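The structure is reproduced here in structure tokens:
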């Protein structure tokens, strides 16, 4: 009998991997100039008939692999090459934390950049985009490939340059906002982006799932309306739960009771709170949501007297982002801050429809399998799990569930104390700022030193530093949500980061006269040799302005060993390398000690709504075959238990008379939690699916409008387009003329005369006796005569003026009417749900109504453009 052999779907890539590795052996013998010439050679291959990217993949990947080796000293594992192949094929590669996802993206990015169509690598924040772009630039210097960077700080003039580079690193939000701004541009030279070709999304689940709940919106200011927000806030203070309103925590919604409605009508002195003639219900509901669901240091922080949103998935602050539909203003009123004006939507797009614009899309993350259905249905992306280079030996210990939150935090503190006593590094993940600071105070009372990482500015600026050192002995790190942190936790410490930090601190201390003292981080000076080496750095380069950013930029420069011509830079590079070597030795020794202690211990303080976020936290431990442990401490007062069935479990604990300080481990509890998380994930999936389905309707309209704008921007002569608008308008009005009675026909003809600016005293009786086609061709001719007369008049005022006016009026009317259309669509979406009570499908009704609105909008644009151009009255000052 033959032995059973388990089929591994990744085995099919073995042939390609062998071809890549064989090619690498040849490229190893090339010098740097020969390696750089590979790019031109491969581009020439692509220009050959019947040659595509698949044909040159082995040689291109081998070239990139060799460049990585020369720039960083890293030799890619075979599993990383498999990840690169998966990305190039347009799939999602699920690679566990610490498996080198960032470096894997280099291979498919290089291959696709050879087409000269542009490659975008998307990250969740500016820090990661900048870090990855600098890292990639060191590698691509060997390959004659340009790397661009677009983050919030990138100025408008430079953006077009960055997008035109071979590969551009960019944050997801900046990509979306640039796309919307490009489609509002009034000059083709103001458009910064190329057509979307290929994108690799880092932390793809964070961007395509978590961020996809809300659309990207570019807003303009509207009139201020402070009083209604302030009055609504006063009303919400009077209203009491559950007498006046009920809270639905599952859907985060507020429902007014009968008593609440009567109380509001009494306070406002109105007869019907839900009357279509007043907007009070919107203000009151938002104010109650701000009171019940949006808490300071959880959903937002206050910084410089402004409400700053905290991302619930990453724990980071979201500068410049505001909640829509008046919610942000309601929170400002609640906190007694200056109420900013409401925003009017100028342009919007969902992440789903933004990323579907790419010809080819791929992504990578450590946790995507739980959301595979959504990736497949909405983005047509399959998830492929990539095996780890070394087997994961982390032990995920059973959850401990306590009766009350107080005893849970007490148990967490005791666990931290025990870990600290033995020196085992500990990472504690919390769900919001308040809870991270609560734990910090408990640890202070126990005299346990810790690092705190949350959205507050004083902590967020040290993010990479804190995470990079979280694997050292005795390190205790508290962090709000670990998603997308981007920095590896290396057991024993990160030698590269420690080297950079040491040089930065030394230069800051010695060059800044106000800081001529030894740095407080004594662990940076761990050996006499390091102390000696750091003092040999040549500081003559820094005689001009000196700040931390300048120093960090210089360190990145000397870190790049390629093309260092200045003798000072060469000397400093040598010292940098020697310090790094010393730290690598120290960190290796420390790593062995930490491994004996059992590796990094991860503590979860609450189950998140999404299993992915829990898995991301666990995944910080057990990197690259390292040992590690994880355990979640829960209580029946946690949100997930409380909202989804905690009462039954509490009754069970009361029945069994379990003491408050004794935790329970139970299969029933674990199943209950998993079930709750699946319910929440399903609920949010439905929200995103509904958002996508409704936006799909407007997306078709958006693409039609944006394509028309692009056509106008790129055209030098658009007279024919406007004449066509005029003829279409005549056709539409003649259709009504044909259907109407004699009396109305006369009015319709007069409307046409007015539109195309011809003599309204013209005898219409002769026209009525004519055939409809004869009328049409007569009016077409009159349109052209009117247009030519207008053109002659304007050209006499200033040559070329007519062409400028045509483009101006076209774009102005398209933008203005589109913005009005977006407002109507928003209102339509709000009330269309009520159609379900009449046994009608709201989505189908929305599609029908949206189509009618769009037809009316297009008609309005055409007629307004014709009317404005043919009736321009301009006075030119000479």
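Numbering (the numbering used here), first residue to last: 1 to 878. Ideal Cβ positions, reconstructed from N, Cα and C, are used throughout, including at glycine. It should be emphasised that the depicted structure is a prediction, and the values quoted were computed from it without experimental measurement.
With DSSP collapsed to three states, give me the class of residue i.
| i | result |
| --- | --- |
| residue 515 | With a pLDDT of 44 at residue 515, under the threshold of 50, the modelled position of that residue is not reliable, and no figure is offered here. |
| residue 347 | strand |
| residue 632 | strand |
| residue 604 | strand |
| residue 396 | strand |
| residue 360 | strand |
| residue 427 | strand |
| residue 527 | coil |
| residue 479 | strand |
| residue 306 | strand |
| residue 404 | coil |
| residue 554 | helix |
| residue 148 | strand |
| residue 452 | strand |
| residue 78 | helix |
| residue 121 | strand |
| residue 186 | coil |
| residue 109 | helix |
| residue 522 | With a pLDDT of 41 at residue 522, under the threshold of 50, the modelled position of this residue cannot be trusted; read the value that follows with caution. Helix. |
| residue 318 | strand |
| residue 72 | helix |
DSSP beta-bridge partners for residue i?
| i | result |
| --- | --- |
| residue 758 | Residue 758 pairs with nothing; no bridge assigned. |
| residue 248 | 253 |
| residue 826 | Answer is none; residue 826 lacks a bridge partner. |
| residue 90 | According to DSSP, residue 90 bridges with nothing at all. |
| residue 296 | 300 |
| residue 384 | 93 |
| residue 219 | 345 |
| residue 198 | 119, 360 |
| residue 365 | 94 |
Would you mind stating whether residue i and residue j have Cβ atoms separated by less than 8 Å?
| i | j | result |
| --- | --- | --- |
| residue 412 | residue 428 | yes |
| residue 725 | residue 862 | yes |
| residue 63 | residue 35 | yes |
| residue 635 | residue 397 | no |
| residue 476 | residue 431 | no |
| residue 104 | residue 84 | yes |
| residue 17 | residue 78 | yes |
| residue 599 | residue 491 | yes |
| residue 236 | residue 287 | yes |
| residue 538 | residue 572 | yes |
| residue 865 | residue 810 | yes |
| residue 326 | residue 283 | yes |
| residue 168 | residue 148 | yes |
| residue 452 | residue 436 | yes |
| residue 180 | residue 347 | yes |
For residue i, count neighbouring Cβ atoms within 10 angstroms of its own Cβ and tell me buried if that reaches 16, exposed if not.
| i | result |
| --- | --- |
| residue 156 | exposed |
| residue 124 | buried |
| residue 798 | exposed |
| residue 702 | buried |
| residue 28 | exposed |
| residue 187 | exposed |
| residue 716 | exposed |
| residue 527 | exposed |
| residue 675 | exposed |
| residue 869 | buried |
| residue 735 | exposed |
| residue 73 | exposed |
| residue 608 | buried |
| residue 756 | buried |
Near residue i, which residues of its chain fall below 8 Å by C-beta distance, leaving aside the five closest residues on each side in sequence?
| i | result |
| --- | --- |
| residue 339 | 224, 226, 229, 230, 329, 332, 333 |
| residue 292 | 241, 247, 254 |
| residue 579 | 499, 502, 503, 530, 533, 534 |
Report all residues from its chain with a CB closer than 6 Å to the CB of residue i; omit the five preceding and five following residues, and keep chain order.
| i | result |
| --- | --- |
| residue 56 | 42, 45 |
| residue 166 | 113, 145, 146 |
| residue 399 | 632, 634 |
| residue 196 | 357, 358 |
Excluding the 5 residues preceding and the 5 following residue i in the sequence, name in chain order all residues of the same chain whose CB lies nearer than 7 Å to its CB.
| i | result |
| --- | --- |
| residue 637 | 404, 405 |
| residue 693 | 843 |
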